[in-house]
Structures are given as C-alpha cells and as structure tokens.
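Reading through the structure tokens given below for one structure.
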Amino acid sequence: MTEKPERSFSLCQQTAGFTLIELLVVILIIGVLAAIAAPGWLGFVNRQRVNKANDIVVAALQEAQREAKKRKLGYSVSFRTDNNIPQIAIYPKDIDPSSFWRTLGEDLGLKAGQIVLGTNLTDTNTTTSTSSVSYASTTPTTITFDYTGALDLLVKTKTSGLTSVQNNKIGNKGLIVAVAVAKPGAPTQATEMKRCVIVKTLLGSIKTGKDTECD
101 MTEKPERSFS LCQQTAGFTL IELLVVILII GVLAAIAAPG WLGFVNRQRV
151 NKANDIVVAA LQEAQREAKK RKLGYSVSFR TDNNIPQIAI YPKDIDPSSF
201 WRTLGEDLGL KAGQIVLGTN LTDTNTTTST SSVSYASTTP TTITFDYTGA
251 LDLLVKTKTS GLTSVQNNKI GNKGLIVAVA VAKPGAPTQA TEMKRCVIVK
301 TLLGSIKTGK DTECD
C-alpha cells in the first residue's frame, strides 16, 4: 500500500521540466536556426530598402517631367550625399536648389550609411560611354527636363532634329542614377545589391535596372 505513492513521486521527478543538458541542446538548436535565418532576413531587408529608395528616384524624375510640361519651363532633379546621407532636390531649372534638398527616403526611416547614392553624370544631362557610376559625391549632379518633358540640352537645333553632339551627351548607357546597399564599415562604397533609374533617350524615357545594369 505504501509503495505506489513512492513510485508516483519518483515518476513525477523524472518527467517534470528539462534537465540542464536538454536546455543547452534546445538553446544550441535555436542559435543554429537563428544563424541560418539571419543572413536571409538581412538580405530581404536590404532589398526592400534599395527597391523603395529607387522608387523614390523614379517618382522624383517623373514629378520633374510633369511639372516641366505643366508649367512650361525647365525643371531639374539634383542628387548629392551629405554626411553619408543621400539627398535629392526637385526644383525649377533657374532657381537655387538650396531650399529644396531633402533626405532620400526620409519617410522610410533610412539611417546614414545604410544606402549609398550615385550617378554616372559628368555634367548636367551629360555622361560619356566610358563613365561608370560614382557613389557618395558631395557635389550635386543634375538631370534637367525642358518644357516638353525631354532632356534639356544646351545644344539646340530647329532644322535638323537631334545633333550628334546631343546624341553623344547621354552615352550608350544613358544617364544613370543608382542606389545601393552600403558596405558595412564603408558607407561611401556600394555592395553588389543595386537598383537604378536610367534616362535612356533624349526624349526623357525612363527605365529601371538592377545590379550589373547599374554600373
């Protein structure tokens, strides 16, 4: 009569909770799973950042085109980096852009050193066939549209259409504005995860690209 309670008490001791070794095994498994999942999650977050930042660049160029056609005057979009923070300005061509600068992706909560901004422009609306994208420039680079929404070029002709000088200004690749994930510890350098906007023709047509298309 007295043996049954003892067996029951012993059984409860054996089945209650985890042993120290079992807890360590569970913690180890959780750590391994976290280590496997973390790079994938970080890659997802970075892709979301560059995709949304690139969408903002597209929207800025389209807004400048709309305003140029609506107001019948030249409109510009300028890009620069200030203290490792990409900035963008949309403004009428002949106005000082100082009061128009805003942080690229300010509504996305981007922090300094997360995203790097670059272009292949050598001057306003100008690049060369050999110009690669340069990142984190503190000197503004600018794309300007004329009152028709086309690229506003200094060389104009009323009789023979586009001149060879005009055609050469945008090079073979077009005017490229790129955003990329910044390298850890090197906020002015781009990783291979890139997105870009390309103004491919003098008429102002815009396309998007990614990774090697943005070089």
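Here the sequence shown is numbered in the numbering used here, starting from 101 and rising by one per residue. Idealized CB from N, CA, C, for every residue including glycine.
Residue i bridges to which residues according to DSSP?
i	result
F144	Paired residue(s): none; F144 is not in a bridge.
T226	D223
S234	T219
T241	F179
L275	V299
Note down the Cα distance separating residue i from residue j, rounded to an integer number of angstroms.
i	j	result
L128	T119	14 Å
Q162	V126	53 Å
S264	T301	The predicted model places S264 with a pLDDT of 48, which falls under 50 and marks its position as unreliable, so this point remains unresolved.
L217	I130	37 Å
M293	D223	26 Å
T308	I298	6 Å
T227	L124	60 Å
P197	P240	10 Å
I121	G285	39 Å
G274	I243	12 Å
How close, in whole Å, do the beta carbons of residue i and residue j come, if the pair is a contact with beta carbons under 8 Å?
i	j	result
T288	N184	7 Å
L253	G304	Not a contact, Cβ separation roughly 11 Å.
F245	A164	6 Å
T181	S234	With 8 Å as the limit, T181 and S234 do not qualify as a contact, their Cβ atoms being about 10 Å apart.
I156	L204	6 Å
Are residue i and residue j touching if we call contact CB-CB under 9 Å?
i	j	result
Q187	A282	no
L221	S229	no
R295	V150	yes
Y247	R147	no
Give a single yes or no on whether residue i has its beta carbon closer than 8 Å to a heavy atom of the ligand MN.
i	result
D182	Looking for the ligand MN in the displayed structure turns up nothing, as the structure carries no ligands at all.
* Within the region 177-207, note down every full beta strand (DSSP E) run reaching 3 residues or more, in order along the chain. => Listed in chain order, they are 185-192.
* Entirely within the region 277-312 and at least 3 residues each: give me those beta strand (DSSP E) ranges in chain order. => Taking only runs of at least 3 residues, the beta strand (DSSP E) segments lying wholly in the region 277-312 are 286-299, 306-310.
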